[in-house]
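A.B. asks: Quick note on numbering: numbering that gives the first Met the number 0 labels position 52 of the sequence shown as 51, and the sequence is numbered without any gaps.
I am attaching a structure below and will ask some questions about it afterwards.
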Amino acid sequence: MLSAITKQNSTTSSFQTKPLTGISRYYHRRRLDRHGASYYVEARELCPLSVLNDEDRFVVVSFDHDDDYLVIANKRVYLTPANSIKCTSNVDCRLAVVDLDELEHTKRYDYDEKFAHAYTNYYDSMDELRQIARDQYSRGGAVWIKQSALYDAKTDRCDYYYSTSYKPAGV
């Protein structure tokens, strides 16, 4: 019995939380319902003001469900947990809050037009994305997205609706 208690204590005391990395240091997804389908993607309460007030760092973009990347200067740049917080994968045109500082350091791959989809977004350069971020910031301050999931019992289907602090890039 004593060895079981000691073993339990040794495993619980070694439990540590991972330090936050990438965009998760500054933004998080706050659930609004018990299922987690309705939520806010918003700045963390302890996000440094110098980061939060950086007008060309965070941008809301749309992207195609099948792509999971943006095309910047004819290169694919994938949206990863390090550089973005994405909204639901259950719709064709998805939204994400993107940290452009992290996105700049993301590996780039050649892009071929034959892989284009309906909501594939193209940007000439990172400077264009930074300009969009400045425009969005000037309209609403720090970026945020609200996703609302509405369940229809008659059709047994869930529809997703978005509210943003301004019009997302690419829409």
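Note that the Cβ used here is the ideal one computed from N, Cα and C, for glycine as well.
Find the nearest neighbour of Ser-23 within the set Leu-31, Asp-32, Val-50, Ser-37, judged by alpha-carbon distance.
C.D. replies: Of Leu-31, Asp-32, Val-50, Ser-37, the residue nearest in Cα terms is Val-50.
A.B. asks: Name the DSSP beta bridge partners of Ile-71, please?
C.D. replies: Paired residues: Lys-74, Tyr-122.
A.B. asks: Contact between the segment 70 to 78 and the segment 35 to 47 is defined here as three or more beta-carbon pairs at a separation below 8 Å; is this criterion met?
C.D. replies: Contact fails: fewer than three Cβ-Cβ distances are below 8 Å.
A.B. asks: Touch check for the segment 55 to 66 and the segment 110 to 128: three-plus C-beta pairs under 8 Å?
C.D. replies: Yes, they touch.
A.B. asks: How big is the Cα-Cα spacing for Ile-84 and Ala-115?
C.D. replies: Roughly 22 Å separates the two Cα atoms.
A.B. asks: In this structure, does DSSP put Lys-145 in helix, strand or coil?
C.D. replies: Strand at Lys-145.
A.B. asks: Who are the near neighbours of Gln-146 in its chain, counting only those whose CB is closer than 7 Å to its CB and skipping five residues on each side?
C.D. replies: Counting only Cβ-Cβ distances below 7 Å, and skipping sequence neighbours, we find Ser-37, Tyr-38, Cys-86, Thr-87, Tyr-159, Tyr-161.
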